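Residues 276 to 520 in the numbering used here are what the sequence shown spells out, letter by letter.
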Amino acid sequence: MVNPAAITAFAQSRLSRTKTDRVDAELSARFCQAQAPPAWTPLPTEGRELQALVRRFESLIEMRVMEENRLSSGVAVDAVRHSVEELLNHLNTQLKRTEKLIRDHINNHPTLKRHSQLLDSIPGIAETTAALLLSEMTDITQYRSARQVAAYAGLVPRERQSGSSVRGRTRLSKIGNARLRRALYFPAITALRCSEFFQSWAKGLQERGKSKMSVICAVMRKLVHVAYGVLKNGKECDPQWAKTA
């Protein structure tokens, strides 16, 4: 499986002007011949099921937020308001049910359960975030380093410099798994509020002139590094060890 953006860029490099099924098939074949991407390995059954459950949980949350916004905006017609309220009650029931299914699924698989416990030891990461990380990071052995996981989440910096005239502001690349990025934002906020380790680490960044959002993004990336470390080594998070993670 290849990121479609890579094949699109490959087509642009060949100045391809036509898009048909035959041309796309040829481009894909030429890309694979030139780049030799690694073969795709399907997720184990427990990983696929966890991913499906977690993504369903996310969809239910999005639907609930949409209906809550509709209700708070002021519904003038009683029948419509009752319909929205009934749907919200149903969504809340489904959320509780799906959350229990996720918890039971993790508890029924020893490896997932152990990995969830390891992630739960990291400041800012709780049960729900641990489940999402496990569902999106999938097999931790496929990554060679913590930086690879951060790149997969789109949390590595993107520089824009050229000669002496172009000095663009460094930003997150955001080329990666958007679900992972979203899942790490509030844990980063919590870690900054509750963890002495992250507070002291963030203070050093602030003293170097980093903005508030840059610090939060850096903490999100640090959480990925620590998550990779605890899963790779099979040891719970230790703030002293995390300083070098």
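Positions of the beta carbon are idealized from the N, C-alpha and C atoms, including for glycine.
The structure presented is a predicted model; accordingly, all values stated were derived computationally and were not measured.
Note on geometry: alpha-carbon atoms of L480 and T293 lie some 49 Å from one another.
For the alpha helix (DSSP H) assignment, the uninterrupted runs of no fewer than 4 residues enclosed by the stretch 383-431 are, from N- to C-terminal side, 385-395, 402-412 and 421-427. Taking 9 Å as the cut-off, the Cβ atoms of A463 and V494 count as close. As the crow flies, the alpha-carbon of T373 is around 34 Å from that of F472.
In terms of CA proximity to Q369, E337 leads the group P385, E337 and I400. Shown here for R345: same chain residues with a beta carbon closer than 7 Å to its own, the five before and five after excluded, namely V359 in chain order. Between the stretch 310-325 and the stretch 381-400 there are three or more inter-stretch CB-CB distances shorter than 8 Å, so the stretches are counted as touching.
Excluding five sequence positions before and after K507, the CB atoms of its chain that fall closer than 7 Å to its own CB belong to I415, given in chain order. By the C-beta density criterion, R297 is exposed, having fewer than 16 other C-beta atoms within 10 angstroms. Here the stretch 420-427 lies against the stretch 495-504, with 3 or more beta-carbon pairs under 8 Å apart.
By the CB criterion at 9 Å, A406 and S396 fall outside the cutoff. DSSP, reduced to helix, strand and coil, places R496 within a helical segment of the structure shown. Just so you know, the alpha carbons of V350 and G504 end up roughly 50 Å apart.
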